[in-house]
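For the sequence shown, my numbering gives the first residue as 177, with consecutive numbering after it.
Just so you know, even glycine gets a beta-carbon here, dropped at the ideal spot from N, CA and C.
Take a look at the structure set out below.
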Amino acid sequence: MPFKENYKKKIVLFASGNGTNVENILNYFKNNNRVSFLKVFTNNSKALVLKKIAPFTIKSRCFNNIELKEDLIFKELKLLNPDLIVLAGFLLKMPTSIINYFQNKIINIHPALLPNYGGKGMYGINVHKAVKMNNEKKSGITIHYVDNDYDTGEIIFQKEVKISQLDSVEDISNKVHNLELEHFPKVIELILFKV
177 MPFKENYKKK IVLFASGNGT NVENILNYFK NNNRVSFLKV FTNNSKALVL
227 KKIAPFTIKS RCFNNIELKE DLIFKELKLL NPDLIVLAGF LLKMPTSIIN
277 YFQNKIINIH PALLPNYGGK GMYGINVHKA VKMNNEKKSG ITIHYVDNDY
327 DTGEIIFQKE VKISQLDSVE DISNKVHNLE LEHFPKVIEL ILFKV
């Protein structure tokens with residue numbers, strides 16, 4: 177289908193914590209007139225992401241687990257009808273109803289080279305501690321489509337970074353986070369526009 181001049185690709189973001197990836201994505205696309213950010217959803221009313229999005233003209237929605245499980249969020253998403261749902265540090269498992277309805281329209285970023293260090297409980301610092309404990313020589317990021325299990329969806333993009341035995345858990349975390357900031361917005365753009 178040819179690109180319609182006035183059509184904007186619609187994105188919804190989900191986050192649970194600091195929101196550095198969300199802020200980075202919003203900044204990356206702020207002058208792009210082909211993208212519209214509809215809403216940021218968070219399951220944490222104290223999440224720093226809410227402060228980070230304040231300078232942007234984007235709505236936010238705090239919700240609880242019951243609203244997610246009972247399909248209230250699903251109903252909202254159907255009304256919004258996004259082209260892409262981006263999980264940027266979102267820690268809850270998406271319900272099957274959302275995954276099935278928005279098949280191949282939900283992406284997640286994971287702070288490791290999947291299939292290694294994925295699955296339930298493997299997020300944030302937990303991943304980096306495991307990488308350090310196993311004396312890995314590299315780590316990285318994986319951007320993947322979301323399916324019904326944790327971190328098992330089709331891989332879209334991976335980027336690795338070398339780590340040394342001298343690197344602390346915090347060093348590993350920083351190296352991986354820098355990869356997230358550098359590549360996540362570019363991969364989103366690639367998915368949206370096949371550039």
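{"Check": "For G300 and P287, what's the separation of their Cα atoms in angstroms?", "Outcome": "7 Å"}
{"Check": "Specify the secondary structure class of I348 as computed by DSSP and reduced to three states.", "Outcome": "helix"}
{"Check": "Per the DSSP calculation, S315 is bridged to which residue(s)?", "Outcome": "V337"}
{"Check": "To the nearest angstrom, how far is the alpha carbon of K254 from that of Y321?", "Outcome": "18 Å"}
{"Check": "Rounded to whole angstroms, what's the CA-CA distance from L256 to S344? Just pull it up for me.", "Outcome": "42 Å"}
{"Check": "Kindly indicate which residue of D327, K184, C238 has the alpha-carbon position closest to the one of P291.", "Outcome": "D327"}
{"Check": "Going by the DSSP bridge assignment, what does H320 pair with across the sheet?", "Outcome": "N284, I331"}
{"Check": "DSSP state of L263, grouped into three classes?", "Outcome": "strand"}
{"Check": "In chain order, which continuous runs of the alpha helix (DSSP H) of length 4 or greater are located wholly inside the segment 200-258?", "Outcome": "225-228, 241-245, 248-256"}
{"Check": "So the alpha helix (DSSP H) K308 belongs to, where does it begin and stop?", "Outcome": "301-309"}
{"Check": "Which residue marks the beginning of the alpha helix (DSSP H) containing Y293, and which one marks its end?", "Outcome": "Where Y293 is concerned, there is no enclosing alpha helix (DSSP H), given that its DSSP letter is neither H nor E."}
{"Check": "Have a look at N208 and Q334 and give me their C-alpha separation to the nearest angstrom.", "Outcome": "25 Å"}
{"Check": "DSSP three-state label for L189, please.", "Outcome": "strand"}
{"Check": "Tell me the DSSP secondary structure of Y277 in three-state form.", "Outcome": "helix"}
{"Check": "Whose CA, out of K184, Y183, I201, lies closest to the CA of F190?", "Outcome": "I201"}
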